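Student:
2 protein chains.
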Amino acid sequence: MEPIKQFELSKEYLESLQLGIELENVDFIRESLDGVNVADIAAILDELTMQESVYVLRLLEKQLAADILIELDETTLSKVLREFENTEIAVWIELMDSDDGADILNLLSEKDREEVISEFQDRIKSEQILELLRYEEDTAGGIMAKEFIRANKNWNVIQTINEIRRQAENVEKIYSIYVVNNKQQLLGRVSLKKIILAASETRIEDIYDEDVVSVPVHLDQEEVATVMRKYDLESVPVVNAKNKLVGRITVDDILDVVQEEADEDIQAMSGISDTVDEYDSVIKLTRARLPWLLIGIVGGLLGAGFIGFFEEGLSKVTALAFFIPLITATGGNVGIQSSTLVVQSLANKSAFDNSLSQRFIKGLLVALLNGLVLSVFVFGMIVLLYGNEVKFALVVSIALFSVVLLASFMGTFTPLVLDKFGINPALASGPFITTANDLLGLAVYFLVAMSLLSI
Amino acid sequence: MEPIKQFELSKEYLESLQLGIELENVDFIRESLDGVNVADIAAILDELTMQESVYVLRLLEKQLAADILIELDETTLSKVLREFENTEIAVWIELMDSDDGADILNLLSEKDREEVISEFQDRIKSEQILELLRYEEDTAGGIMAKEFIRANKNWNVIQTINEIRRQAENVEKIYSIYVVNNKQQLLGRVSLKKIILAASETRIEDIYDEDVVSVPVHLDQEEVATVMRKYDLESVPVVNAKNKLVGRITVDDILDVVQEEADEDIQAMSGISDTVDEYDSVIKLTRARLPWLLIGIVGGLLGAGFIGFFEEGLSKVTALAFFIPLITATGGNVGIQSSTLVVQSLANKSAFDNSLSQRFIKGLLVALLNGLVLSVFVFGMIVLLYGNEVKFALVVSIALFSVVLLASFMGTFTPLVLDKFGINPALASGPFITTANDLLGLAVYFLVAMSLLSI
Numbered sequence: 001m002e003p004i005k006q007f008e009l010s011k012e013y014l015e016s017l018q019l020g021i022e023l024e025n026v027d028f029i030r031e032s033l034d035g036v037n038v039a040d041i042a043a044i045l046d047e048l049t050m051q052e053s054v055y056v057l058r059l060l061e062k063q064l065a066a067d068i069l070i071e072l073d074e075t076t077l078s079k080v081l082r083e084f085e086n087t088e089i090a091v092w093i094e095l096m097d098s099d100d101g102a103d104i105l106n107l108l109s110e111k112d113r114e115e116v117i118s119e120f121q122d123r124i125k126s127e128q129i130l131e132l133l134r135y136e137e138d139t140a141g142g143i144m145a146k147e148f149i150r151a152n153k154n155w156n157v158i159q160t161i162n163e164i165r166r167q168a169e170n171v172e173k174i175y176s177i178y179v180v181n182n183k184q185q186l187l188g189r190v191s192l193k194k195i196i197l198a199a200s201e202t203r204i205e206d207i208y209d210e211d212v213v214s215v216p217v218h219l220d221q222e223e224v225a226t227v228m229r230k231y232d233l234e235s236v237p238v239v240n241a242k243n244k245l246v247g248r249i250t251v252d253d254i255l256d257v258v259q260e261e262a263d264e265d266i267q268a269m270s271g272i273s274d275t276v277d278e279y280d281s282v283i284k285l286t287r288a289r290l291p292w293l294l295i296g297i298v299g300g301l302l303g304a305g306f307i308g309f310f311e312e313g314l315s316k317v318t319a320l321a322f323f324i325p326l327i328t329a330t331g332g333n334v335g336i337q338s339s340t341l342v343v344q345s346l347a348n349k350s351a352f353d354n355s356l357s358q359r360f361i362k363g364l365l366v367a368l369l370n371g372l373v374l375s376v377f378v379f380g381m382i383v384l385l386y387g388n389e390v391k392f393a394l395v396v397s398i399a400l401f402s403v404v405l406l407a408s409f410m411g412t413f414t415p416l417v418l419d420k421f422g423i424n425p426a427l428a429s430g431p432f433i434t435t436a437n438d439l440l441g442l443a444v445y446f447l448v449a450m451s452l453l454s455i
Numbered sequence: 001m002e003p004i005k006q007f008e009l010s011k012e013y014l015e016s017l018q019l020g021i022e023l024e025n026v027d028f029i030r031e032s033l034d035g036v037n038v039a040d041i042a043a044i045l046d047e048l049t050m051q052e053s054v055y056v057l058r059l060l061e062k063q064l065a066a067d068i069l070i071e072l073d074e075t076t077l078s079k080v081l082r083e084f085e086n087t088e089i090a091v092w093i094e095l096m097d098s099d100d101g102a103d104i105l106n107l108l109s110e111k112d113r114e115e116v117i118s119e120f121q122d123r124i125k126s127e128q129i130l131e132l133l134r135y136e137e138d139t140a141g142g143i144m145a146k147e148f149i150r151a152n153k154n155w156n157v158i159q160t161i162n163e164i165r166r167q168a169e170n171v172e173k174i175y176s177i178y179v180v181n182n183k184q185q186l187l188g189r190v191s192l193k194k195i196i197l198a199a200s201e202t203r204i205e206d207i208y209d210e211d212v213v214s215v216p217v218h219l220d221q222e223e224v225a226t227v228m229r230k231y232d233l234e235s236v237p238v239v240n241a242k243n244k245l246v247g248r249i250t251v252d253d254i255l256d257v258v259q260e261e262a263d264e265d266i267q268a269m270s271g272i273s274d275t276v277d278e279y280d281s282v283i284k285l286t287r288a289r290l291p292w293l294l295i296g297i298v299g300g301l302l303g304a305g306f307i308g309f310f311e312e313g314l315s316k317v318t319a320l321a322f323f324i325p326l327i328t329a330t331g332g333n334v335g336i337q338s339s340t341l342v343v344q345s346l347a348n349k350s351a352f353d354n355s356l357s358q359r360f361i362k363g364l365l366v367a368l369l370n371g372l373v374l375s376v377f378v379f380g381m382i383v384l385l386y387g388n389e390v391k392f393a394l395v396v397s398i399a400l401f402s403v404v405l406l407a408s409f410m411g412t413f414t415p416l417v418l419d420k421f422g423i424n425p426a427l428a429s430g431p432f433i434t435t436a437n438d439l440l441g442l443a444v445y446f447l448v449a450m451s452l453l454s455i
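The listed protein sequences correspond, in order, to chains A and B. Each residue of the first sequence is one higher than the last, beginning at 1 in the UniProt record's numbering. Each residue of the second sequence is one higher than the last, beginning at 1 in the UniProt record's numbering.
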């Protein structure tokens, strides 16, 4: 027996498909794609030309085409949508889950969006989608779907199964059935397993579980992810201010949120100002990278002015210049280490975080230890290897020690301050702080040198 | 009606609980914790002293205590386990899912592990756990559980429901029922929803879905996460080389994997060599940070030796020293940006990645553009602000341009090479490459200066 595996996209497969498209061999194309998972078909479309993709999407069954559209990455999707009439898009959107439909509408221009909405046939679906459009993209409301199964607490198991049957087409994955009162307020949940194992006359009231974790509709998506991770939830109900059940979020959407947030943090750390990837255009990539590089350059120019200020001393003791990279690099490394630790602890907030003073003392101790080891090492190396005089070695190592302390202080507190002001604290590990640390390091270095060497 | 919310851990609650423990008021403690989610109880234990935690865990129902243990973070868990007898631990482990039990056994010393295993009463559970211990921690086998529902394709719906009933206690969350043949080979899946909606005599053979994505038992956990994200799976069956169904992985475990891998990458980027957090001891934190700092220092010392090599030229044109930080910082920034983009594209491998030459050309174009803008800007600024002569400004901007090209090249290819050798490519964004880039930048700078200024 052939083992069931993931679909492997081969060059040969792709070429035969493209030949089929060229020859407009509809049966061949449909057969080639038969049984292939929608995520894989989406990956295939990514490899085709826009014309070929459009041709294939028009050929396929509408539901299948709608499912594929959802799986396309945003850039491709926007381009594909431009090739279709708004009437075609409206039909697809009505075949999607409400959250996916709302996401697609959000990609359209306002004019197109209004036109697509005016084409909707299914009143309930269009109301659901319009409701979702109201919420901020990055909140629970923005990622929840309106498709879920709810049961009134007064129902029995048979009535609940009938509701599942009625909704079977709309609600693809059922994890839990949410139990509500007559005001549609969330009371609890009951698992499908319990429904299967209960007698048909059993009342929902008697088997439902009151321990249900819900999230408010305005909660930030990152916090929704934290809640779902903490409680190991496969889906979470979303409630409004009056505890009315308004939607549900499934864990597969959260998986994407976690990955996106991590990617965002890493990009913030590495000074890329826009969410870009390798496949974006040269211009877009350059634009995303230039701002932070320019900030670095401005920092460098300031640094140059700064060192220039000590030109006289520098011309007397040229060796001072040798250790500039050592000082700035160490300051940068220490700063990034410190801020990364704080950023990660901010992301995993617990009820009783270390207080500011605890953070300060601990950070200070670590910095003292690191600084001590590094500066003793550097002192020894300068004396041994470079044969410089002891006084000079002392200047470098004292400056290094101070820079480690300062950079660690900056690295710890900048993300805390950014977080207080609602700015992504990961930015603190990025080029901005590194640049600031460079300048600080230079200042400390030359001040120590000038005062100790009396130049 | 009181809305159902997440549990909020307050200082008052904690203090009253601690008082209860001090007074050994068993009823009060049990009542305080009644209805509180296990993840929240675990967070509470984190705030108690070890003695208090041990006292509480012994008080609670065994199943509840076992559930709480799973939720503790690894450091706390290891400490807690040391306070209990191996007989007690054995009882708890038998009440856990096999994957959680195996994780706990992995935390024990070999001697304790063997003792705990010898205490097991439940033959099936202990066989399951022993099987899981065989797999590498970071593979599908290492994170899968042995608890899942399988149905033979020859069964009907009633037989399947009976199997669910039989396993109801063991298998907490049921997403899909996996369909196997007589050799236990995976044929497909059937959703609980379908079981509920089908007539009881329907044969599984007639309703199951052959389109099931499975993963091999040795697949890296990161790739399991990629598969589950791509296909939006809530659980995935794990098969051995003969396509025999050996376990399943649920998405809540994958959520943790995604977060862990992201944290690991960020730590690699920021030069923290061990997985540490703010709560670790000063010594552990220092030890995790020192190695990369020392590498940076060694780089700095090499850089010093390097600049020293050009001492004569430097003493003639002191202004050369001013722009050292500008050159090294820009090299570092460009290198980190480039490597981050490559690392992220490696993480989202698609079937047809950009080829090496495509990457090279695109990277080159972006670097040319960035380099051009930056060096023109720097040229203008030096002439305008610092009033240096044009020739000197030309030296700095030509050096800057070359450094941008070189750093971008290094940043693009280092992660690719690391990845080829099976090393985490995120390390390429870390201090090691930054240090290498610093040295390269200095070399370029002084070589350009020496040849153009003929000093």
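C-beta atoms are modelled at their ideal positions from N, C-alpha and C, and glycine is treated no differently. Note that the structure is predicted; figures quoted are calculated from it, not measured.
Under DSSP, the alpha helix (DSSP H) around T340 (chain B) begins and ends at which residues?
Tutor: For the purposes of this step, residue 340 (chain B) is identified with residue 340 of the second sequence, where counting begins at 1. Start and end: 324-347.
Student: For P237 (chain A), report the span of its alpha helix (DSSP H) as first-last.
Tutor: Position 237 of the first sequence, counting from 1, holds the residue named residue 237 (chain A). First-last for P237 (chain A): 235-239, but that is the beta strand (DSSP E), not the alpha helix (DSSP H).
Student: Buried or exposed, going by whether 16 or more other CB atoms sit within 10 Å of the CB of N370 (chain B)?
Tutor: Against the second sequence, residue 370 (chain B) aligns to sequence position 370. Buried, because 16 or more other Cβ atoms sit within 10 Å of the Cβ of N370 (chain B).
Student: What residues from chain B crowd round L197 (chain A), counting only those whose CB sits closer than 8 angstroms?
Tutor: Start at 1 with the first residue of the first sequence, and residue 197 (chain A) comes out as number 197. Ordered by position in chain B, the residues that pass the 8 angstroms Cβ test against L197 (chain A) are I161, I164, R165, A168.
Student: Among residues of its own chain, excluding the 5 on either side of D100 (chain B), which ones have a beta-carbon nearer than 7 angstroms to its beta-carbon?
Tutor: Residue 100 (chain B) sits at position 100 when you count from the first residue of the second sequence. So the qualifying residues of the chain are I70.
Student: Per DSSP, L186 (chain A) forms a beta bridge with which residues?
Tutor: Counted from its first residue, the first sequence places residue 186 (chain A) at position 186. Partner(s): A:V180.
Student: Nearest by alpha-carbon distance to E169 (chain B): which of B:G296, B:L105, B:S273, B:E147 is it?
Tutor: Locating residue 169 (chain B) in the second sequence gives position 169, counting from the first residue. It is B:E147.
Student: Going along chain B in order, which residues have a C-beta closer than 8 angstroms to the C-beta of R203 (chain A)?
Tutor: If you number the first sequence from 1, residue 203 (chain A) lands on position 203. Those do not exist, as R203 (chain A) stays about 18 angstroms from chain B at its closest Cβ, beyond 8 angstroms.
Student: Could you please give the first and the last residue of the uninterrupted alpha helix (DSSP H) stretch that includes L57 (chain B)?
Tutor: Sequence index remark: in the second sequence, residue 57 (chain B) carries index 57 (1-based). Element bounds for L57 (chain B): 50-59.
Student: According to DSSP, G247 (chain B) sits in a beta bridge with which residue or residues?
Tutor: Numbered from 1 along the second sequence, position 247 holds the residue referred to as residue 247 (chain B). Beta bridge pairing from DSSP links G247 (chain B) with B:V238.
Student: Interface residues of chain B around N106 (chain A) at Cβ under 7 angstroms?
Tutor: Stepping through the first sequence from its first residue, residue 106 (chain A) is reached at position 106. Chain B residues near N106 (chain A): none, gap ~20 angstroms exceeds 7 angstroms.
Student: Which partner residues does R150 (chain B) have in the DSSP bridge list?
Tutor: Within the second sequence, the letter at position 150 stands for residue 150 (chain B). According to DSSP, R150 (chain B) bridges with B:Y178.
Student: Could you pull the DSSP bridge partners for V215 (chain B) from this structure?
Tutor: Translated into the one-based positions of the second sequence, residue 215 (chain B) becomes position 215. BP columns for V215 (chain B) point to B:V238.
Student: Using three-state DSSP, classify A351 (chain B) as helix, strand or coil.
Tutor: Within the second sequence, numbered from 1, the residue matching residue 351 (chain B) stands at position 351. At A351 (chain B) the pLDDT is 46, less than 50, meaning the model places this residue with poor confidence; the figure from the coordinates comes in the next sentence. Here A351 (chain B) carries a coil assignment [DSSP, helix/strand/coil].
Student: For L364 (chain A), which of A:G380, A:V403, A:F377 has the nearest alpha-carbon?
Tutor: Looking up residue 364 (chain A) in the first sequence gives position 364. Nearest option by C-alpha distance: A:V403.
Student: Please name the residues in the segment 102-129 of chain A whose beta-carbon is closer than 8 angstroms to at least one beta-carbon of chain B, in chain order.
Tutor: Here the close residues number zero.
Student: Under three-state DSSP, which class holds V171 (chain B)?
Tutor: For the purposes of this step, residue 171 (chain B) is identified with residue 171 of the second sequence, where counting begins at 1. Coil at V171 (chain B), not helix or strand.
Student: Quick one: is L19 (chain B) near chain A, going by C-beta distance under 9 angstroms?
Tutor: Here the question's residue 19 (chain B) lines up with position 19 in the second sequence. The Cβ of L19 (chain B) sits no closer than 9 angstroms to any Cβ of chain A.
Student: Of the residues that make up the segment 31-64 of chain B, which ones have a beta carbon closer than 8 angstroms to any beta carbon in chain A?
Tutor: Using a CB distance below 8 angstroms, the part of the segment 31-64 of chain B facing chain A consists of G35, N37, A39, A43, D46, E47, ordered along the chain.
Student: Quick check: is the beta carbon of I433 (chain B) nearer than 9 angstroms to any beta carbon in chain A?
Tutor: Looking up residue 433 (chain B) in the second sequence gives position 433. No, I433 (chain B) lies away from the interface with chain A (no Cβ there is under 9 angstroms from its Cβ).
Student: Could you check where the alpha helix (DSSP H) with A140 (chain B) kicks off and where it finishes?
Tutor: Here the question's residue 140 (chain B) lines up with position 140 in the second sequence. Taken as a continuous stretch (DSSP letters only), the alpha helix (DSSP H) holding A140 (chain B) covers 140-143.
Student: In chain order, what residues of the segment 322-349 of chain B put their CB closer than 9 angstroms to some CB of chain C?
Tutor: No chain C is present in this structure, whose protein chains are A and B.
Student: For the alpha helix (DSSP H) that contains V444 (chain B), what are its first and last residues?
Tutor: Residue mapping note: residue 444 (chain B) aligns to position 444 of the second sequence, counting from 1. Unbroken alpha helix (DSSP H) run through V444 (chain B): 431-453.
Student: DSSP state of N106 (chain A), grouped into three classes?
Tutor: Translated into the one-based positions of the first sequence, residue 106 (chain A) becomes position 106. Per DSSP, reduced to three states, the secondary structure at N106 (chain A) is helical.
Student: Compare the beta carbon distance of A436 (chain B) and M410 (chain B) with 9 angstroms and say whether it is the shorter of the two.
Tutor: Here the question's residue 436 (chain B) lines up with position 436 in the second sequence. Here the question's residue 410 (chain B) lines up with position 410 in the second sequence. It is a contact, given that the beta carbons lie within the stated cut-off.
Student: Cβ of F377 (chain A) less than 9 angstroms from any chain B Cβ?
Tutor: The residue given as residue 377 (chain A) occupies position 377 in the first sequence. Interface with chain B (9 angstroms Cβ-Cβ cutoff): F377 (chain A) is included.
Student: Would you say L406 (chain A) and G299 (chain A) are within 9 angstroms of each other, going by their C-beta atoms?
Tutor: Reading the first sequence from its first residue, position 406 is the one you call residue 406 (chain A). Reading the first sequence from its first residue, position 299 is the one you call residue 299 (chain A). Taking 9 angstroms as the cut-off, the beta carbon of L406 (chain A) is found no closer than this to the beta carbon of G299 (chain A).
Student: For the alpha helix (DSSP H) holding R203 (chain A), just list the boundary residues, first then last.
Tutor: Here residue 203 (chain A) is taken as the residue at index 203 of the first sequence, counted from 1. It is not in any alpha helix (DSSP H) - R203 (chain A) carries neither H nor E in the DSSP assignment.
Student: List the residues of chain A that I266 (chain B) touches, going by C-beta distances under 9 angstroms, in chain order.
Tutor: Position 266 of the second sequence, counted from the start, is the residue given in the question as residue 266 (chain B). Result: A262, D265, I266, M269, T340, V343, Q344, A426, S429.
Student: Counting only the same chain and skipping the five closest in sequence on each side, list residues whose C-beta sits under 7 angstroms from that of T160 (chain B).
Tutor: Along the second sequence, read from residue 1 onward, the residue named residue 160 (chain B) stands at position 160. Within the same chain, T160 (chain B) has close Cβ partners A151, I177, I195, I204.
Student: Given this structure, state the Cα-to-Cα distance separating L33 (chain A) from V258 (chain A), to the nearest angstrom.
Tutor: Taking the first sequence and counting its residues from 1, one reaches residue 33 (chain A) at position 33. Taking the first sequence and counting its residues from 1, one reaches residue 258 (chain A) at position 258. So the alpha carbons of these two residues sit roughly 31 angstroms apart.
Student: Please give me, in chain order, every unbroken run of the alpha helix (DSSP H) with length at least 4 that falls completely inside the segment 3-50 of chain A.
Tutor: 11-22, 26-33, 38-47
Student: Answer yes or no: does any C-beta atom of chain B fall closer than 9 angstroms to that of S16 (chain A)?
Tutor: Working through the first sequence from its first residue, we reach residue 16 (chain A) at position 16. Closer than 9 angstroms: no.
Student: When we look at the beta-carbon of R189 (chain B) and count the other beta-carbons within 10 Å, is it buried (16 or more) or exposed?
Tutor: Taking the second sequence and counting its residues from 1, the one referred to as residue 189 (chain B) is at position 189. So R189 (chain B) ends up on the buried side.
Student: Who are the neighbours of V231 (chain B) on chain A, taking C-beta pairs under 8 angstroms?
Tutor: Taking the first residue of the second sequence as 1, we reach residue 231 (chain B) at position 231. According to the sequence displayed, residue 231 (chain B) carries Tyr and not Val. The answer, in chain order, is N37, A39.
Student: So, does the CB of W155 (chain A) fall closer than 9 angstroms to a CB anywhere in chain B?
Tutor: The sequence position of residue 155 (chain A) within the first sequence is 155, counting from 1. It does not; no Cβ of chain B falls within 9 angstroms.
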